[in-house]
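Worksheet for the structure shown next.
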Amino acid sequence: MKTMKSILAAVILSAAAATTARADTIRLGLDSAPYDPFYSRTAGGEWKGFEIEVGDALCKAMNEECEWVPIAWDGIIPALTSNQIDAIVGSMSITEERMKTIDFSNKYYNTPAALIAPKSMEIKSIEDLKGKTVGVQVSTTHANFAEAKMDGATIKTYQDFNEHNQDLFAGRIDAVAADSLALDPFLKSKEGESMEVKLTFEDDAIFGPGVGAGIRKGDTELKDKFNKAIAQILEDGTYDEIAKKYFDFDIYGGR
Amino acid sequence: MGEWYWLPDYAWRFVEGIGVTLELLFIALFFGFLLAIPIGLVQVTGPKWLAAIARGFCTMIRGTPLLIQLWLLYYGLGSLFPYFPELRNSFLWPILREAFPYAAVAFIISVAAYEGHIMRGAFASVPKGELEAARSMGMGRFTVLRRIWLPRAIQNVLPTLAGEAVLTLKSVPLASTITIFDVFGVGGIVRQETYRIYEPLIFVGFIYLLITAVLVVLFRWLENRVPSANRA
Amino acid sequence: MIDVTFFANIYELMSEWGPNFWRGLLASLQIAFGGYLLGLLIGVSGAIGKIYGGPVLKWVLEIYTTLIRAVPELVLILLLFYAGTQLLAQGLAALGYERVTISGLAAGIVVLGIVQGAYSTEVMRGAILAIPKGEVEAGAAFGMGSFKIFRRIMIPAMLPLALPGLSNLWLIITKDTALLAVVGYEELALVTRQAAGATRYYLEAYLVAGAIYLLVTLISMKLFNLAENRVTRGRKSLASGGA
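Below is the structure:
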């Protein structure tokens, strides 16, 4: 029994030792799967993308050190609430449902959701989706929207963004519902050239006002820091500078 | 303790999920075992080159994670589809489109490899004397297989096969990563819609526990019905 | 289908993403190793507990091994990962550590270790029970304390009996590390998925991953064979080993 107790203690302490509690680094969580053009890994292992640059800019404005932590999208909210990360900066939409569990900073971009499908397919409205198969990523607002609004369609949920695009390309599903901006590189790519945007969705209740940084409930200090930083980079032009590199329209969605 | 308000809303989906789970399980166990018999047998009887192929098959499948095999089949094969547009009009397309057949094939192959390895040991452990006696009584080779070799082999390894069945059941959740809605997949939907993390997982675990219990009882019953000279 | 482009794709894949694959493999092996050792530790303790422990301990251990072996690994991994990290974080916070990041490595090791521990307990238990009682009694007759008996008699006697089961468990854990891809830990399977998604060479990427896993398995099997030969020197071979 004594050995067991000491073993248990050793395990806990070694877990503590194995952890690297870098004081005062803000850990930003994002999806472990690539999400062009917002964030993805280069082959060399570096992070790149619009959201990465915005995140880094926000940290600079807050005068903090930041660290990007990839987490499976499915588990990113639990990771936040269990203190594994300090904020979610991974294109997470601000929704009321999510606000029951976590808090959000102000938005830092907003893009509508879109449905893409092969050019040859006739889809003029949601009703046309009856009997069709639509692919979405798990735990996204697009999945919520599809489950709630697309009556009569078969919804297939995928682990990550690239996988449902791939299946659309392979012809296994008829359409994909995702963020219109993230879909853009796909539409421009070789695999996506036969697809086009069929519908765009506006539903504030499900999609929310935009994308913000997810923050633990009660962590008002961090939330204020983020909001101040967001306001600052919007004001001093850093935001526009970064956005210009990726998009030729206003991604913030009205100021 | 915990919030379970979502249960009634999703009850029907869970029932459907159990159906998918059981379907996948039985298809895998049935066809996998059928395949395992020749795979195991050929490694004992030969010819050498066939035995080598069977052994290589078992090693390859047992040496790689089922998850990779699933993804390889579903996404790997799927990535070839755009290069063969004629496929979409063929009669195969309804099968190729769906995710279930890929999971079924992956699981059948997996069961065949693991049980093939088990059956190899099982066939090898049947005393040669019994087989020779049967032959000397004039039984044809296939009859010997059917009436002596196979039954005796199964008797010896029934507990191990039962273990394999449970392991296969526990692998079914992996199918949810290729869009199949087994019980675990349904749990994922609940998690996504309600943002509850623990309750759906516990519920899913509980359902699988129940199915495991039923499976174990089933196999125990089978073991009791099968006479075994090796039982202590 | 399998024509020149296939190999060209593999070349492109590896030259671009090669380092990531090795990074993922290293992560997988680290977790496998750590989890395996933890599992062994739990296994030995659990086996001893089950054989020599009091009724309450036996009951607790029975529940542990039965639950873990009856519930799918994926469910266990998710539960332990989320609940476990939350509990550990709270526990460590209570101990006074302000904010601790449970590194993904530690979490993976603990999760897989706990799962392996249940199976390991059964393997060890079977092996210990198969040790001829006489050897243990002889040790006691010589005045050896229980820890000495354990170290000098039981472990050497138990090893050849447990080795087949233990080698099996190692092969299992090296493959189970792939399941951590579902919680987003960047081991080999997840890296492969990222590479496949970025290059769209799904077939090639997963074949490469499969080959890497196979290599690990073959090398491991070779090493365990050597160990088994060494440890069972001069002993009668066990009639029917494990799987």
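Sequence lines, in order, name chains B, L and A.
Mapping to my numbering: the first sequence position 35 is 35, numbers consecutive.
Mapping to my numbering: the second sequence position 96 is 96, numbers consecutive.
Mapping to my numbering: the third sequence position 177 is 177, numbers consecutive.
Glycine included, C-beta positions come from ideal geometry on N, C-alpha and C.
Please identify the residue among the options whose C-alpha is closest to the C-alpha of residue i.
| i | options | result |
| --- | --- | --- |
| THR174/A | LEU159/A, THR217/A, ALA205/A | THR217/A |
| LYS222/A | ASN168/A, LEU80/A, TYR64/A | ASN168/A |
| GLU223/L | ASP182/L, PRO159/L, ALA52/L | PRO159/L |
| GLU100/B | ALA106/L, TYR5/L, GLY78/L, THR194/L | Looking at the sequence shown, residue 100/B is not Glu but Lys. Nearest option by C-alpha distance: THR194/L. |
| VAL110/A | LEU166/A, ILE153/A, TRP22/A, LEU78/A | LEU78/A |
| MET124/A | GLY39/A, ASN229/A, PHE147/A | GLY39/A |
| LEU112/A | LEU29/A, LEU61/A, TYR52/A, PRO19/A | LEU29/A |
| TYR114/L | ILE61/L, ARG225/L, LEU24/L | ILE61/L |
| PRO200/L | ILE211/L, LEU73/L, GLY185/L, GLY19/L | GLY185/L |
| PHE201/B | LYS48/B, ALA148/B, SER105/B, ARG172/B | ALA148/B |
| THR199/A | ARG41/B, ARG27/B, THR25/B | ARG41/B |
| ALA213/L | VAL204/L, VAL166/L, LEU174/L | VAL166/L |
| LEU105/A | ILE102/B, ASP160/B, VAL69/B | VAL69/B |
| GLY126/A | ILE51/A, ILE114/A, GLY143/A, THR66/A | ILE51/A |
Check for me: the beta strand (DSSP E) holding residue i runs from which residue to which?
| i | result |
| --- | --- |
| SER93/B | 87-93 |
| GLN137/B | 133-137 |
| LYS156/B | 154-158 |
| ASP179/B | 175-179 |
| GLY214/B | 211-215 |
Go through its chain and collect everything with a Cβ distance to residue i's Cβ below 7 Å, but skip five positions before and after it.
| i | result |
| --- | --- |
| ALA112/L | GLY32, LEU35, ALA36, ILE39 |
| LEU74/A | LEU179, VAL182 |
| LEU25/A | LEU188, ILE212 |
| PRO185/B | ASP36, PRO37 |
Using DSSP with H/G/I as helix, E/B as strand and the rest coil, what is residue i?
| i | result |
| --- | --- |
| LEU7/L | helix |
| GLU187/A | coil |
| LYS198/B | strand |
| ILE106/B | Note on residue identity: the sequence assigns Asn, not Ile, to residue 106/B. Correct three-state label for ASN106/B: strand. |
| ALA21/B | With a pLDDT of only 46 at ALA21/B, under the threshold of 50, the placement of this residue in the model should not be trusted; the figure read from the coordinates follows. In this structure, ALA21/B counts as coil in the three-state DSSP scheme. |
| ARG27/B | strand |
| CYS59/B | helix |
| TYR206/A | helix |
| TYR252/B | coil |
| TRP17/A | helix |
| TYR35/B | strand |
| GLY171/B | coil |
| GLU122/B | coil |
| ASP203/B | coil |
| ASP151/B | coil |
Over the uninterrupted alpha helix (DSSP H) stretch that includes residue i, give me the two end residues.
| i | result |
| --- | --- |
| VAL56/A | 55-70 |
| LEU115/B | Here LEU115/B belongs to no alpha helix (DSSP H); instead the beta strand (DSSP E) covers 113-118. |
| SER120/A | 104-129 |
| ALA43/B | Note, ALA43/B: premise wrong, no alpha helix (DSSP H); not H, not E. |
| TRP221/L | 198-225 |
| VAL69/B | No alpha helix (DSSP H) holds VAL69/B; the beta strand (DSSP E) holding it covers 65-71. |
| ARG191/L | 183-194 |
| ARG62/L | 48-62 |
| MET119/L | 100-125 |
| MET99/B | 96-99 |
| LYS190/B | Here LYS190/B belongs to no alpha helix (DSSP H), and DSSP marks it neither H nor E. |
| TYR239/B | 238-246 |
| THR177/A | No alpha helix (DSSP H) holds THR177/A; DSSP gives it neither H nor E. |
| PRO132/A | No alpha helix (DSSP H) holds PRO132/A; DSSP gives it neither H nor E. |
| PHE127/B | For the record, residue 127/B in the displayed sequence is Glu; it is not Phe. It is not in any alpha helix (DSSP H) - GLU127/B carries neither H nor E in the DSSP assignment. |
| ALA94/A | 85-94 |
| PHE226/B | 220-235 |
| SER82/B | Neither: SER82/B is in no alpha helix (DSSP H) and is coded neither H nor E. |
Residues in its own chain within less than 6 Å of residue i by CB, not counting five upstream and five downstream?
| i | result |
| --- | --- |
| ILE88/B | GLY29, ILE76, LEU80, GLY214 |
| GLY208/B | SER93, ILE94, THR95 |
| TRP6/L | VAL190, THR194 |
| ALA72/B | SER32 |
| ARG69/A | ALA118 |
| ARG22/B | Residue placement at ARG22/B cannot be trusted, given a pLDDT of 46 that sits under 50; what the coordinates show is reported in the next sentence. Closer than 6 Å at Cβ, skipping near neighbours: no residue. |
| HIS142/B | ALA113, VAL136, ALA177, ALA178 |
Buried or exposed for residue i, going by 16 or more other Cβ atoms inside 10 Å?
| i | result |
| --- | --- |
| GLU137/A | exposed |
| ALA153/B | buried |
| TYR108/B | buried |
| ASP240/B | exposed |
| SER79/L | buried |
| PHE249/B | exposed |
| ASN63/B | exposed |
| GLN86/A | buried |
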